[in-house]
Every structure is written in C-alpha cells, then in structure tokens.
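Written out below as structure tokens is the structure these notes cover.
Protein chains in written order, with this note's numbering: chain L, 1 to 147; chain X, 148 to 435; chain W, 436 to 780; chain B, 781 to 1119.
Next comes the structure, spelled out in structure tokens:
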C-alpha cells in the first residue's frame, strides 16, 4: 500500500534525507523574497524545489494535485499579498482556487499539512525562512508519525 | 537485450512486431521551413543489409519517451546502407523529431503496408503527381523508376507546393529536370518573384497538361484536398480506375493490423494500404 | 389526503404522461426535436428519446425510473449534430434536479437561452436501480410496480417488495427542488413536498460526506486506492456529465499537454477523478449521473458532493439555482469572508 | 472426460489449483461483480454477470511492451537498451460464461491469426485454461443464440461446468483440461448426471429469444450513408463503457511514458472516443459520434465477418447493460434489416 503516495517501490524517506517539497513561488514577490533570504544567508531547510510561476493567478490547482499524487511530500504556494499583486487580481482568483483545493485534498487521503499557500512579499525574506522551515518540519513530523 | 526478433528482420514472422530497431541519425537535410529529411542508419548492420522495401511502404519512427508516428520511406529501395524519412512538423512526435540532431538515437519499425504496384506498372507510361509532403513516397518511387528506367515507357512528374521554398528535394528536382528521359513539371500555387515554373494548383496544372490516359498509370500523393480534385481530373481525362493509384493517410499506432485504429471499412490502411487504386477505394465506405 | 397516497402517486404519474405528450407535441412546432424518455430494454431502464414528429411522441413514457439528466445533450458536442454549433433549436424534458444543470450551463454561457425550450415536469423521486441490483438479480426483471409505499419487482415470476425509502436515489430523499427552477411549460403543477426520507438523511444531503470525513487519513487513502483500482477509464462519468463538454480536448487523453498517463493503475485513475472533481468545483449540480453511469459502481457523487460542500462553506454558493450568478471560481472578493490566511508563528 | 464435483468442494479445488496457477474468478468487491485474482476467503459470485469479460486475463487493460533506457555512450552516440519480456505464468479463468469463452475466438483470429502476431497475448493464451459455467438463467439483455452461440456452448472453453443443484458436472474439451480434474474432489459422472445437464442446458436455451442477423452484413454496407445512423446515435454519449466491457473488443493504444528511462505501454482504447482516429493535422475521419457508432456496429457485424467469415459479437449484452443511455445493439441490428 503506498503511504504518502510515494511510488510503491520507493522505500519511505529515512529520517536523514530531506523530504521532497515543491514550492511554487510567484515571480514578482515571493520568489524575490526567497531569493533575498538566500542572499542574506538566512538558514533554510534542504530539499525544497522552487518552481517559478509568473503569478499565483497562473496556479492551476492541478499543479499541486499532480505533484502530490506523483510522490511529492509537501507543496507550498506563495505569492504577493492580496492587494499587492503585480497583475492586480491574480492572487485574488488564486486564493479561492487554492482554498478549495486545500479543503479537498484531505478528503482524498492527503494529510492537511501537505499543502499550504501563503503570501510573502519581495521584502519578507525573514517570513519566507520562517514559512519554509515550519512547513518542512511539519512534513518531517508527518513522516515520523507514520512509520 | 531481448529474445524477440523485430519486424525489420523477419517481416510477417517477426516474433515481436512492436519492438523497434535502434537507429542513429546520420544526416539531417532541411528541405523546407517545416520539413526535414532524416537519414537513419540501423545500428545492427546485418539487419540493415537484409532489409528491403518497396517504394510507397511506410515505417514507424519511435522517439523513446515521446511516441511513434508513421512516415513514408523517401529513400530509394536500392540504397542499402541507410533509410530516409522526410518529416513535416505536425504533432508531438514529429515536432520532437525536429528537435533531434545528428548522432541521436531513434527507433525504427519498417516496412509496413503494401507499396506501389511497380511490377504491374512495368511497360506502361507513368504519371507521378505530388503535392507538398506527398512527394516523399513518390521520391522513392522516382528513384526506383530511374533505376529500372528501361522497364517503363515515358515518365512524367507533376509536383506542386505552396511556394518555391516549400518544394522538397531541390537537389533531386534539379537532377530530374536535367534528364531527357523523364519530364518534370514543377508548380507553385501563385506567382512568386524569381519563379519561372508553372503557377497554379496541381489539379489545374494536370488539366492543362492533359496527359493521354492510354496505357498510363497515374500515381498521386498529397494533402487530401488535392487528392480529391486530382482523382476527379484523372477520371475526366479518361484514366481507368485500376490505373489510378494513390495513398491513404490514417492515425496509426501498431502498424501491423492489430490495434484496430486505421480501418476504412473492412480494410486496414497499415496492412491493406496505404497504397490503393481508385477502383479499390470506391469499394470502401466513403469515410476518407 | 383522500385515497391511499401511493395510488395517488401512480395517478399523478399517469396524468403527467398524458399532459407531457400534448406539451411535447405543442413544442415540436417551435423546435427541431424534443428530447424525452422512452421505454428501454427493460422496465427499469428508460432511454432518451429524440422526438421529431407527433408519431415519435407516442413512444414517450414517464414513470418512477426516468432518471437520465437530459440537459447533458445541450452542449453542442453531444448533440446529434455533434461537433459544431448548429443553430438547432432543442426541446427538453427537465425534472427539478436536471433544471439546475440547465441553469448552471446558462451561467457558464455555454448554451443560449433562446436556442431551447424547457418542458419542466415535477418529480416524486426516482428508484435507484443500483440499490435494487444489490438486493435482487435485476437482469431478469419482468415487471415493476409501485404499491402501497413500496416497489414490487417480479423476477423469475416471483414478487419482491421494497419500501420506497430504501430504494429511491439518495438525492431524491433529500431533494429540495421537486419542481424545475426553469421552464417554458410545466407538466403536472407543483412538485410534491420533499418525500419523507429517513429522518437524519432528509435534513442534510451531505450526511454521507460528513460520515466519510470522520475516517482517519490512511483509512481514506486506502479506501480510494481500493475503489479506483476498479476504474476502467471508460470515461462514462465524464461523457454523461452536462459540464464535461470538452471531451475532444480532455486532458485525460491528450499528449499536449501530457497530464495523465494512459496506464490504468489506481494512482492514475485517482488523479483523473480528482482533477475532474476540481474542474467541477462550483459547477456540479449533484445530478448523480456519473455514479449511475459507472459500470464498476464507484462512489463518484461522494467526491463532487465534498467539493460542493467546500464551495458552499467558503462562498455560500449553490450551483444551478440562479441564472444571474457567476460561478464562484471565476470571480473573487477583495476580502474573502470565510478564508483566513494561514498563521506561521 | 466428464466428472462431477460437489458445490462445497469448489473452494478447496480452487485452493489446490491456486498453488500452481494464478486464478481469475468473479468477485463482488464493490457493487459490481468483476474478474479478479483469487484469494482464499474472498466470496465468489457465480450468479451475477461480471461487468467486464475475463479478456483482462489475456489482454490486460495496461501492459508494458518494452522498457527503454537512453544513455549517452559518447556525445555523438546515444545508446538505447530495449528490454521486453513476457512473464510466463500459468493462469486459470474460472467462472466465465460461454459467451466470454466464445469472445476469445475473436482475439485468437486477430492476435494469433494469419498476419502479424501478438507475442504478449499468445503467451498468456497458451498458458491459460478456461473453466466456464453454463448459464441457466440468461439475462433479458442476452442474445447469444441469435449470433451462433448458446448458454452452454463449450466453444473456446477447456472445461464446461453445468450446475446440477448441489453439484457440478465438469466436461473437458482439451487435453490440458484433464490434468485439472485429477484429485479427490471429483467422482465419475453418471448417465443420469449427463442427461440432467443436457435437459437443464436445453431449458436455458428455450428461455432466450432468438432473432435472425441474416443479411445484416450486406445491408450494413448499403446503408452506410443513411440518416439511420444519425437517429441511432442521437442519444449516444460516445464514451467507452460498451467497448471496455465487451468480450470481443481488442482495440488498443500504444503510448510512451518516462524521459531517459521509461516504457512503451499498451492500454485499452475505444473506437467510440473522438481521439481514436484524430490525426496530427487535426483531420478526423470520424469526427461525429454517429460515424463512430456506425463504425462499431459495422465492425462487429460487417467488417470483421468480411475479413474472417465470423461475427465478432457473442451476444453477451454487456454493451446494452453498461451503456449509460441504454443504446441497444439488438435494436440497431434488427433496424438495419428494415431500413
């Protein structure tokens, strides 16, 4: 039985290797914020793969869904704060879609903690570090609990 | 590797007709903005030596991880050390093929289908009518005819494309034009600066040339719309249905008559075709 | 009410049928054809009927098994004309739950109101053949009749009786719109009040969703893994759905983009049903046809009801009720009342 | 050879067979009865009709044709290793109906016929034994007797079981089948048993209404252009339920998955899907659902018989029972004769 949707043949993550986490970051705010966190040497967990999207408005809810079904252990989406979207209302549309997705995934057997979305502006490197660290800890605790 | 023999070697008795033969791209010629000719060399030399086909037969080219699609073999049946496929960029597989470069590997399964009736055509005049990428199988046929030139009476080629830049195999066209034992008429759809050849659609050029139907076999390949008008024109000119030969295009997957996809009525284009005479076509349901 | 209630039920159904025939015949003059119900291969399976003349109209039927949501024929790809947008005018027999699909299609602008005429017909609940199938070998049914609050099936020349509450569709037991919400003509006046279903069921149509949500996450994971291992990927659920009108370009079968492998393992099947549920978020009107059409009896309505429950909690939106409303996922509010940003401290 | 086995011994018999064979039998996991791998304790359902035929034992819905591995030996030469092996596994399909067994004749004609042969199907076909059960209670959608079959037709089966209330008569129709009837579960069949079985099978045959499909094949070619198909396909949804549950539908798709390592996969496909004949240029010879329905009916009752001189429909009625809008192929075929 595949737990956490890893391919059945892949053995579950040993506590050493970092969990597979995908982060969709919007090009104008969150990506810049995350980049700033890197350049200012803020400590960040390993294993987080960033995918750049032009705007959270471009976020098809099927992106995180596909990632989780194919074996990602956590998906994070972050964009500009509502009201500050570079494209005016991209994040406002996204908020609804991603909230519906967040409510639907647990029903299908994915722990709630596996998908989150948030808003991080270009200057909030600190917040990015906080979000990505907390998110990765939560995912690790999930795997710990399961084995 | 595998204990199965591929289609390339055993033809009908291939123990696994789905298994392609690995080939390497030796040369790529940019025929037009969206057509490239790929020269493939099968890695397994003996299989390549033993491989034979008739002009008009097709092959399936595999891009591992992408898929397979069907292309006419455009090289001459006489050349033994490579195979050529002229590919127009259209779907997922052909577009991926256009991204490859010399040295990349592909899979080949060939030959499929029946090929042109070159035996029955012997001793007759041959009229070859091509349009756009439809010239690919006809190129292979023309090479064959020139190789056995004495077996055929006079040979006339009518080949058209949208613009001069859309004419394929320009080097071969020039060679054919220079020969005195064949007639080669080239056309483009409308006037084009620097173009001296004919201007007009292929069916119109055919009507203008009005070749005599007596003892002549007409072979035509091209986009469906052109085929429709060429067939009507040939009938108007008095060509017998048995002497009008064309090819059908269908979505293909297995290529060996098993996956049930490419049927026109009871016939499967991949094994009973792709070459049909007009007489055979008219027996099939009207679902072209 | 005078007379036993069930005899009243049969009486009403018969009257409605006569009235329906005349209404359909009258509509014929305004449309190219009317879609109604005809007798199918057995008494439990009526089949859609395309009426083009008064002679065809005689084959119309109306009974406790006419369940098909005929609104699925409105989007152009499924019409007999098929591929393009013919200017055909269509007449349609529509029950209460089906009328929600018509309204939702109008809200999505995929159909034009003046291109079709609705013959609304009030409904007293339909018998769920799959609930019968689990009780008796229905493939040998000879007759079915409603008598004194139960349905009597004759199978292998023996009568079997089942109380209606046990065999009606769950959506009928909690039905709020027995009378169609949109119609040009109405057959048989207002619908009967919501038929009395098992108490806790009647109040909350999302009763089964809440039951399922109480399970642990691994239990749910295993449940779906088990269920979707049966899916054949025949796409009957997609092709019967009024809102899946892009069969030609469905990402379940395209290679550009290449979302889904054609492999039929439980994982791929699950992803197909998940993204279909996502595509129906804020659109599905819970007509239940996907669950009825499924040859391997997957609990598909459960998926879409969960999605609708979430959408109604977040946006207070119910699909296919008000033609003026725009579906919730193509609009937004600057301040969303029911969505708070996740706290990370 | 004919033997008799008591009903309560069936499970033990299957248990012993299960040690040497992989058994496919009808079980009721959810609401739908379906052919699945046998496990001790799983409750067999021999009464209901299985949703899709046991063709999955020979022609699985998903099957790897070969694996590939792309590796760059040196920049100019790409290495591809193709590896395809067909698993060798003795199988038994238990509890199929006679129409299911007859359906395999279509697969044999196509996949191991005179043209190219399919090694994946052939290997499974040669290592699988078919145990069918005579139908004593046909469904109202069954019409096997109208297409040359019958509720107890042994064609294609290795062993035919006929229910005699508390026991089954087991008749073998292939040499391989005899090995299965060894062991203590079986006793010799008496003349009385044989007579009783014959009567029961005859009674079952009488229950079926038979109609004629004579001249349908020729008539189909004549009415290809008629409006008849537009009417018949009007209600059709063009889904794949009829083809995926049909015992004689063998159409398949070949797709590649993976990037530098991956596989070419064969999966079921349906002529009722619009994408089945969609070409890269966008042209589709069968763009509308009436074209597709016309092609499906023509294939079963005209194209296949023209090529192979046998109908490709066994009258099991699954395409009628599982059609979401109850398109009835009997009605279409009979209607063809009157157009």
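Cβ coordinates follow ideal geometry from the N, Cα and C atoms, glycine included. Remember, predicted model here, so these are calculated numbers, not experimental data.
Within the continuous beta strand (DSSP E) that includes residue i, where are the two ends?
i                       : result
residue 177 of chain X  : 168-177
residue 529 of chain W  : 525-529
residue 1036 of chain B : 1032-1038
residue 39 of chain L   : Unbroken run through residue 39 of chain L is the alpha helix (DSSP H), 30-39; no beta strand (DSSP E).
residue 257 of chain X  : 252-259
residue 1131 of chain B : With chain B represented from 781 up to 1119, any question about residue 1131 of chain B goes unanswered, as that position is not in the structure.
residue 184 of chain X  : 182-189
residue 26 of chain L   : 21-26
With the cut-off set at 8 Å, would you say residue i and residue j are in Cβ contact?
i                      : j                       : result
residue 572 of chain W : residue 828 of chain B  : yes
residue 447 of chain W : residue 559 of chain W  : yes
residue 942 of chain B : residue 838 of chain B  : no
residue 417 of chain X : residue 407 of chain X  : no
residue 21 of chain L  : residue 38 of chain L   : no
residue 878 of chain B : residue 925 of chain B  : no
residue 294 of chain X : residue 225 of chain X  : yes
residue 281 of chain X : residue 370 of chain X  : yes
residue 922 of chain B : residue 1095 of chain B : yes
Buried or exposed for residue i, please, with buried defined as at least 16 other CB atoms from any protein chain shown within 10 angstroms of its CB.
i                       : result
residue 1119 of chain B : exposed
residue 633 of chain W  : Any reading at residue 633 of chain W must be qualified, since the residue scores a pLDDT of 46, below 50, and its modelled position is unreliable; no value is offered.
residue 964 of chain B  : exposed
residue 361 of chain X  : exposed
residue 1092 of chain B : buried
residue 462 of chain W  : buried
residue 991 of chain B  : exposed
residue 691 of chain W  : exposed
residue 927 of chain B  : buried
residue 174 of chain X  : exposed
residue 546 of chain W  : buried
residue 337 of chain X  : exposed
residue 449 of chain W  : exposed
residue 17 of chain L   : exposed
residue 197 of chain X  : exposed
Along chain W, in chain order, which residues have C-beta atoms closer than 9 Å to that of residue i?
i                       : result
residue 239 of chain X  : 690, 691, 693
residue 1020 of chain B : 667, 668, 669, 670, 671, 674
residue 104 of chain L  : 709, 712, 713, 716, 738, 741, 742, 745
residue 827 of chain B  : 572
residue 814 of chain B  : 665, 731
Can you pull the chain B residues whose beta carbon is under 8 Å from the beta carbon of residue i, in chain order?
i                      : result
residue 569 of chain W : 811
What residue range does the alpha helix (DSSP H) around residue i cover?
i                      : result
residue 100 of chain L : 90-104
Please compile the residues from chain W whose C-beta is within a distance smaller than 7 Å of the C-beta of residue i.
i                       : result
residue 1024 of chain B : 667, 669
residue 134 of chain L  : 779
Residues of chain B with CB under 7 Å from residue i, in chain order?
i                      : result
residue 214 of chain X : 1035, 1036
Could you list which residues in chain X have their beta carbon closer than 9 Å to that of residue i, in chain order?
i                       : result
residue 845 of chain B  : 163, 165, 166
residue 1004 of chain B : 412, 432, 433, 434
residue 1086 of chain B : 412, 413
residue 1059 of chain B : 237, 238, 396, 397, 398
Could you list which residues in chain W have their beta carbon closer than 8 Å to that of residue i, in chain order?
i                     : result
residue 43 of chain L : What residue 43 of chain L touches in chain W: nothing, since even the nearest Cβ is about 16 Å away.
residue 59 of chain L : Those do not exist, as residue 59 of chain L stays about 12 Å from chain W at its closest Cβ, beyond 8 Å.
Show which residues of chain C have a CB atom less than 8 Å away from the CB atom of residue i.
i                      : result
residue 151 of chain X : Note that chain C does not occur in the displayed structure, where the protein chains are L, X, W and B.
Beta carbon of residue i: closer than 7 Å to some heavy atom of the ligand ATP?
i                      : result
residue 808 of chain B : The model depicted lacks the ligand ATP and carries no ligand whatsoever.
If the cut-off is 9 Å on Cβ atoms, which residues from the stretch 1093-1107 of chain B count as contacting chain W, listed in chain order? 1097, 1098, 1100, 1101, 1102, 1103, 1104, 1105, 1106, 1107
Please list the residues of the stretch 673-694 of chain W that have a C-beta atom closer than 9 Å to any C-beta atom in chain X, keeping them in chain order. 690, 691, 693
Members of the stretch 106-131 of chain L that neighbour chain W once the beta carbon cut-off is set at 9 Å: 106, 107, 108, 109, 110, 111, 112, 116, 117, 118, 119, 127, 130, 131
Beta carbons nearer than 7 Å to chain B: which residues of the stretch 202-213 of chain X have them? 211, 212, 213
Between the stretch 760-774 of chain W and chain L, which residues of the former have a C-beta closer than 7 Å to a C-beta of the latter? 763, 764, 767, 769, 771, 774
What residues in the stretch 472-488 of chain W have a beta carbon less than 9 Å from any beta carbon of chain B? 475, 476, 477, 480, 481, 482, 483, 484, 485, 487
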